[in-house]
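2 protein chains.
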Amino acid sequence: MSVTDPCELPADRKRGSNFGWSLGMVLRRWHERVEELLKDLPHGSRGYHILAVVVHEEVPTQGALAARLAIDRSVLTYVIDDLANAGLIERRPDPQDRRARRVVATERGRQTLAEAERRVAHAEDHVLGGLPEEQREVFRDLAARAAEAIHAAAPATDPCVAVQSVLPPADQSG
Amino acid sequence: MSVTDPCELPADRKRGSNFGWSLGMVLRRWHERVEELLKDLPHGSRGYHILAVVVHEEVPTQGALAARLAIDRSVLTYVIDDLANAGLIERRPDPQDRRARRVVATERGRQTLAEAERRVAHAEDHVLGGLPEEQREVFRDLAARAAEAIHAAAPATDPCVAVQSVLPPADQSG
DNA sequence: ACCTATCGTTTGTCAGACAACCTATCTTCG
DNA sequence: CGAAGATAGGTTGTCTGACAAACGATAGGT
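Order-wise, the sequence lines are chains A and B.
Here my numbering is used: the first residue of the first sequence is 9, the next is one more, and so on.
Here my numbering is used: the first residue of the second sequence is 9, the next is one more, and so on.
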C-alpha cells in the first residue's frame, strides 16, 4: 500500500475525463471484432482467454483457472466442455485428487491458439487504429500492468470511500 | 486509412498480450468502484455519463445524446426520467420541433456532477493504483483518444477480416 | 467411520442489451 | 389544405451473460 496514497489527492482533473466511458468503448469494439473473428472457437473471446491460459501457463486445476481469469467457476464448466469437444483441450482426472480435473491443451489446441492470437493481435491493432503505432504498445502494456495489479489485489476494500450521497442537501433554490 | 495499414503487420506479439482480458479487468473494477460511489445518482455510472454530457456539452436532443454516448435510445428514456425526477436535469420541449426534447442541466445537476467527478477521479486513481502516478494520466489519455477514434469511425467495417475458421482442417493425428 | 471442507457441476434468478413496435410530429409533394 | 413517408421519443418483449445457491463426489482430519 505504498503506491502514493490516493486518499490525499483531490485531483481536479480536467472535466472531460470520461475514463470509464472510454474504456467501455474500446472494450466493446474489441469484443465485437474478436467475437467476429473467433466465431468458430467454442465460446469466442471467452474460449480464447481460457485456451490461452491453458496453453501458456501451467494451471493446476479448473478452480485455479477460474481464479486466474477472475471468472466464475460455473462458466468454466461448459466452456471447457465445448473446448474439449472441439478437440482443443482435454480434461484429465488429477491423479493426486480425484475431485480435481487437470486441463491440458492438445496439439490442435496449440495450433488453434497460435492462429487465434495472430488474428486477435491484428484486430487489436485495428481497434487501436486511432493511436499511432508506438502508443498502441504503450496502451496495451499499461492496461496489462494495471489489470495485473487489480487482479493481485482482489479484495475491493477501500478505506477512502466514505459512502455518502453525491447529491447536495436539496436546499437549492428550486 | 493512412494510419499504418494493419492488414500488413502479422505482429507476432509476445504471447501474454491478453489485452481484452486486461481491459475487462480494469473496466470491471472501475465499474464496481464507481457504482458503489454513485449509488445515490439515479443510474450510477450510466446516469453519470449522461449527466456529464448534458452538463459539459451542448447536445441538441435525446437522440444526439444517445449517439454521443453510443448507447441505445431506449436506455435514455428511463435514465433521463430518473435524473429529472432527482432534479438534476430537465426535459424541455424543443420550440423548433415538438417531437424533440431538449435536455438541460439544473444548478443542482451541475453541483452534483462536480461532486461526482471529484469522487470518480479519486476512484480512478485508486483503480489505477498499480501504475505509477504519471502513467495513469498517460493511460487515461490513450484510452480517451482510442475511444474517440473508435467512436468517430462508427461503422465496424474491416476489409482485412476474412472470416475463416481459426481451427485447423482437423487432419491432426487424433 | 464420521464430519467438514473443497472441486466440479447443475440449476435458478436477475439485470442489462437490443430489436420491434407504437404514437406524435415534421416534411414533402400534389 | 391533405395524404404519405420520415423522424423523435417511448414502450414492450426477448435474449444473453453474470452470479448465487444447491448438489454429488472426494479429500483430510479426528
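We treat Cβ as the ideally placed atom computed from N, Cα and C, and that holds for glycine.
- For residue 45 of chain B, same chain residues with a beta-carbon under 6 Å away, outside a window of 5 residues either side, are 127 and 131 in chain order.
- Around residue 109 of chain A, no beta-carbon contact reaches into chain B at under 7 Å, the shortest distance being about 20 Å.
- CA-CA distance, residue 32 of chain B to residue 99 of chain B, rounds to 34 Å.
- Contact with chain A is found for residue 153 of chain B, since one of that chain's Cβ atoms lies less than 8 Å from the residue's Cβ.
- Within chain A, the residues placing a beta-carbon under 9 Å from that of residue 176 of chain B are 116, 119, 120 and 123, ordered along the chain.
- Here residue 94 of chain B carries a coil assignment [DSSP, helix/strand/coil].
- The beta strand (DSSP E) runs of length 3 or more contained entirely in the region 25 to 85 of chain B do not exist; there are none.
- Taking C-beta atoms under 8 Å as the contact rule, residue 134 of chain A and residue 41 of chain A qualify, at a distance of about 7 Å.
- Residue environment analysis places residue 114 of chain A among the buried positions, since at least 16 neighbouring C-beta atoms fall within 10 angstroms of its C-beta.
- What residue 132 of chain B touches in chain A, judged by beta-carbon distance under 7 Å, is 27, going in chain order.
- By the neighbour-count definition (other C-beta atoms within 10 Å, threshold 16), residue 152 of chain B is a buried residue.
- Annotation: the continuous alpha helix (DSSP H) that includes residue 126 of chain B extends over 115 to 135.
- For residue 67 of chain A, no CB of chain B lies under 8 Å from its own CB, so it is not counted at the interface with that chain.
- In this structure residue 70 of chain A is buried. Its beta-carbon is surrounded by 16 or more other beta-carbon atoms within 10 angstroms.
- Along the region 68 to 79 of chain A, the positions whose C-beta sits under 8 Å from a C-beta of chain B are 77 and 78, read in chain order.
- The shortest C-alpha to C-alpha distance from residue 109 of chain B to any of B:94, B:118, B:84 and B:124 is the one to B:84.
- Neighbours of residue 52 of chain B in chain A, taken as residues whose beta carbon is under 9 Å from its own, are absent, since the nearest beta carbon is some 10 Å off.
- Residue 174 of chain B sits in coil when the DSSP states are folded into three classes, being neither helix nor strand.
- Listed as beta-bridge partners of residue 146 of chain B by DSSP are no residues whatsoever.
- Burial is judged here by how many other beta carbons sit within 10 angstroms of a residue's own beta carbon; residue 160 of chain A has fewer than 16 and is exposed.
- Interface flag for residue 90 of chain B against chain A is unset, since no Cβ pair is found closer than 8 Å.
- Taking a C-beta distance under 8 Å as the contact criterion, residue 34 of chain B and residue 73 of chain B do not qualify as a contact pair.
- The way I'd put it, the region 141 to 148 of chain A doesn't touch the region 51 to 64 of chain A; fewer than three beta-carbon pairs between them come closer than 8 Å.
- Taken through DSSP and simplified to helix, strand or coil, residue 153 of chain B comes out as helix.
- A straight-line Cα-Cα distance of about 15 Å links residue 154 of chain B and residue 77 of chain B.
- Just so you know, the alpha carbons of residue 88 of chain A and residue 53 of chain A end up roughly 13 Å apart.
- For residue 101 of chain A, the pairing in a beta bridge is given by DSSP as A:109.
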